[in-house]
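Engineer: Before I ask anything, here is the structure I am working with.
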Amino acid sequence: DSSGTGHGSYLTFGQRADMAITGEVSTWRVAGASGNEKIHTFCPTCGTPVFLISVAMPEFIAVHAASLDDPEQFSPQMVTYTSHGHAWDKMDPALQAVERMP
1 DSSGTGHGSY LTFGQRADMA ITGEVSTWRV AGASGNEKIH TFCPTCGTPV FLISVAMPEF
61 IAVHAASLDD PEQFSPQMVT YTSHGHAWDK MDPALQAVER MP
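For the sequence shown, our numbering begins at 1 and goes up steadily by one.
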């Protein structure tokens, strides 16, 4: 993951959800596990990841939780891609967990 940790924390919204993303972003593209292209965005000044969009599902946006003004409002609901996780980086075992995206 581009977060620099063993996992990445994202919030997924419909593109026109009640949120605003302001400022410039730079992008890079990569094929996801499905083979579909993902567009990752980051701050061009400091490199902080901001959000990503799947070309196959452009109506959704996955925002990096750490890029929020108030990340404390984030509460994990599930763990995805457990098949890619590291043994030393375990999330809350009470969370729903799936090996890949549902």
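No residue lacks a Cβ here, since even glycine has one placed at the ideal position from N, Cα and C. Predicted model, so just to flag it, every value in this text is computed and none were measured.
According to DSSP, which residues form a beta bridge with Val-54?
Structural biologist: As a working mapping, residue 54 is identified with position 54 in the sequence shown. Rather than Val, the amino acid found at residue 54 in this sequence is Ser. Ser-54 is bridged to Lys-38.
Engineer: When DSSP labels each residue in this structure, what does His-7 get in the three-state scheme?
Structural biologist: Numbered from its first residue, the sequence shown carries residue 7 at position 7. Coil.
Engineer: Does the separation of the CB atoms of Pro-49 and Ser-26 fall below 7 Å?
Structural biologist: Here residue 49 refers to the residue found at position 49 of the sequence shown. Here residue 26 refers to the residue found at position 26 of the sequence shown. For Pro-49 and Ser-26, no; Cβs fall outside 7 Å.
Engineer: Please classify His-64 as buried or exposed, where buried requires at least 16 neighbouring CB atoms within 10 angstroms.
Structural biologist: Here residue 64 refers to the residue found at position 64 of the sequence shown. Flag for His-64 reads buried.
Engineer: Less than 7 Å between C-beta atoms, sequence neighbours within five positions excluded: which residues of the same chain meet that for Pro-93?
Structural biologist: Numbered from 1 along the sequence shown, position 93 holds the residue referred to as residue 93. The answer is none, since no qualifying residue turns up.
Engineer: Less than 6 Å between C-beta atoms, sequence neighbours within five positions excluded: which residues of the same chain meet that for Arg-29?
Structural biologist: By 1-based counting over the sequence shown, the position of residue 29 is 29. Taken in chain order, the residues that qualify are Glu-37, Ile-39.
Engineer: For Thr-82 and Trp-88, what's the separation of their Cα atoms in angstroms?
Structural biologist: Residue mapping note: residue 82 aligns to position 82 of the sequence shown, counting from 1. Residue mapping note: residue 88 aligns to position 88 of the sequence shown, counting from 1. Cα to Cα, Thr-82 sits roughly 12 Å from Trp-88.
Engineer: What residue from Ser-54, Ser-34, Ile-61 has the CA that sits closest to Ala-20's CA?
Structural biologist: Taking the first residue of the sequence shown as position 1, residue 20 is located at position 20. The candidate whose alpha carbon is nearest that of Ala-20 is Ile-61.
Engineer: Tell me which residues share the same chain as Gln-96 and place their Cβ nearer than 8 Å to its Cβ, disregarding the 5 neighbours each side in the sequence.
Structural biologist: Numbered from 1 along the sequence shown, position 96 holds the residue referred to as residue 96. Answer for Gln-96: Gln-77, Met-78, Val-79, listed in chain order.
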